[in-house]
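Report on one structure; see the data block that follows.
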Amino acid sequence: MLRAGDWLSLPVRRRSVAVVAATLLAVLVVAGLTLTLGRLGVALPDVVAALRGRPLTGTDEIVLGTLRGPRLLVALGAGAALGVAGTLFQTVTRNPLGSPDVIGLSAGASAGAAAFGLLWTGILPVPLGALLGALAAMGLVFVGTGRGFSSPGRMLLVGIGVSAMAFAFVQFALARAGREQATTLAAYLSGSLASRSWDHVSVIAMSLAVFLPCALALTRRLQLVEMGDLQADALGARSALTRVLAVLVAIGLATAAVSVVGPVLFIALTAPQIAKRLTHAPGPGIVASALTGALLLALADLLTQQSPLPVQLPVGVLTAVLGGVYLGFLLLSHWKKGTVT
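Taken in order, the sequence shown gives residues 1466 to 1806; the numbers are from the working numbering.
Next comes the structure, spelled out in structure tokens:
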């Protein structure tokens, strides 16, 4: 058991530690390949020297400081945020399909970005518009369930409806926009890591610094909530409050990710399930899910950068394809178990 004062208590298992260490190593390997492969790749010794504080010069400064460095850090940060948001939603809904993609949050954030990026430009920054859209979507889900967030099944169904309405609004906004605006926002809505800057790195880093400790602090209570509301309440977890807090933290993390990379689909859906299958640990595996999400998004971006295609695809296109395959596998496995009718 890992403790930090009275507010943080985390169970530590050997298998989980081994999985986290292996995933972290894989993240470092992918990061190294991202910076060194390709025509603009930087030699590994130069990357190591830069990490040790050696000033960058010439092409290395442009590649590491402007092109690939910020892009890699945004991919890792956004992937980690989506992984944690996904595991929080899946724990709250007690459903492996529960994620910002399915529950309506990503669609709401996209609608908010479209509203303030196309229709009401200049009123609010696009990231703040994405936050308002996500909050509005979750507000509709909260009201639509009729029981707050205490009915996981109904929460998923209402979330799917909210997603449909939000995506319809996005299409309306794109139809009303000018060609240049629509092209820019369409690239953002497909989920893209192109042209990421240190400003984007700052946004996702600050969001993780605020919300990740909150997610870790909720770990123990969420483990009890997974057992059922009656048992959790009997053990002092206050299931209703825990759910609301977990959803708020997930909203913050998912919105931060969407604001810097757009609605990258299926990372939040797949990362928690992969982490859980590897660790075999009960409850939300916050650290494992964060590292798995970071690995998946960074790996997807590496594949798109090194793709032989004449045009570089947005990373969201690749994650959507791979995530769709995984979703089919997940549904098939549950159908075989008799849990899907």
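Beta carbons are placed, not taken as given, at the ideal position from N, Cα and C, and that holds for glycine.
### Query
Can the beta-carbon of Leu1593 be found less than 8 Å from the beta-carbon of Val1627?
no
### C-alpha distance - Val1608 paired with Gly1624, whole-angstrom precision
For Val1608 and Gly1624, the distance between alpha carbons rounds to 11 Å.
### Query
Which residue from Ala1638, Leu1764, Pro1779, Val1567 puts its Cα closest to that of Thr1488?
Leu1764
### Message
Looking only at its chain, what residues have a beta carbon closer than 6 Å to the beta carbon of Met1630, apart from the 5 residues adjacent to it on each side?
### Response
none
#### Entry: Own chain residues within Cβ distance below 6 Å of Arg1619, not counting five before or after
Thr1610
#### Entry: Alpha carbon of Val1805 to alpha carbon of Leu1589, nearest angstrom
Only weak support exists for where Val1805 lies, its pLDDT of 49 falling under 50; the value from the coordinates is given anyway. For Val1805 and Leu1589, the distance between alpha carbons rounds to 43 Å.
### Message
So, at 7 Å on beta carbons, what are the nonlocal neighbours of Phe1670 in its own chain, with the 5 sequence-adjacent residues on each side left out?
### Response
According to the sequence shown, residue 1670 is Ala rather than Phe. If we look at Ala1670 and ignore the five residues flanking it on each side, its Cβ neighbours are Gly1542.
### Message
Once DSSP output is grouped into helix, strand and coil, what is the label at Val1805?
### Response
Bear in mind that the predicted position of Val1805 carries a pLDDT of just 49, short of 50, making it unreliable; the figure below should be weighed with that in mind. DSSP places Val1805 in coil when its eight states are reduced to three.
### Task
Kindly provide the ranges of any alpha helix (DSSP H) runs that are 4 or more residues long and lie completely inside the region 1689 to 1759, ordered along the chain.
1694 to 1699, 1704 to 1726, 1732 to 1744
### Reference Leu1793, options Thr1720, Thr1735, Ser1724, Ala1721, closest by Cα
Looking at the sequence itself, residue 1793 is Gly, so the reference to Leu does not match. The shortest Cα separation from Gly1793 among Thr1720, Thr1735, Ser1724, Ala1721 belongs to Thr1735.
### Task
Note down, in chain order, each residue of its chain lying with its Cβ closer than 7 Å to the Cβ of Ala1576, except the 5 sequence neighbours on either side.
Gly1598, Ala1631, Phe1634, Val1635
### Residue range of the alpha helix (DSSP H) that includes Thr1558
1533 to 1558
### Inter-stretch contact (C-beta, 8 Å, three-pair minimum) for the region 1674 to 1686 and the region 1501 to 1516
Contact between the region 1674 to 1686 and the region 1501 to 1516 is absent, because fewer than three Cβ pairs lie under 8 Å.
### Query
How would you call Ser1772, buried or exposed, if buried means at least 16 neighbouring beta carbons within 10 angstroms?
exposed
### Message
Quick check on the burial criterion: 16 or more other C-beta atoms within 10 angstroms. Buried or exposed for Arg1661?
### Response
buried
### Query
Just how far apart, CA to CA, sit Ala1746 and Leu1639?
44 Å
### Query
Any contact of the region 1725 to 1733 with the region 1511 to 1530, i.e. 3+ C-beta pairs under 8 Å?
no
### Query
What's the C-alpha gap between Val1494 and Leu1783?
20 Å
#### Entry: Residue burial classification, Val1776 (beta-carbon count within 10 angstroms, cutoff 16)
Taking all protein chains in view, the Cβ of Val1776 is surrounded by fewer than 16 other Cβ atoms within 10 Å, so the residue is classified as exposed.
### Query
Alpha carbon to alpha carbon, how far is Thr1757 from Met1603?
Distance between Thr1757 and Met1603, taken at the CA atoms: about 25 Å.
### Task
Could you name the residues of the same chain whose beta carbon sits closer than 8 Å to that of Val1780, not counting the 5 residues immediately before and after it, in chain order?
Taken in chain order, the residues that qualify are Ala1540, Gly1656, Ser1657, Leu1658, Val1726, Val1729, Leu1762, Ala1765, Asp1766, Thr1769.
### Task
Report back the beta-carbon spacing between Val1492 and Ala1759 to the nearest angstrom; my notes put them in contact at under 8 Å.
6 Å
### Query
What three-state label does DSSP hand Ala1763 in the structure shown?
Of the three classes helix, strand and coil, the one that applies to Ala1763 here is helix, per DSSP.
### Task
For the alpha helix (DSSP H) holding Gln1646, just list the boundary residues, first then last.
1644 to 1654
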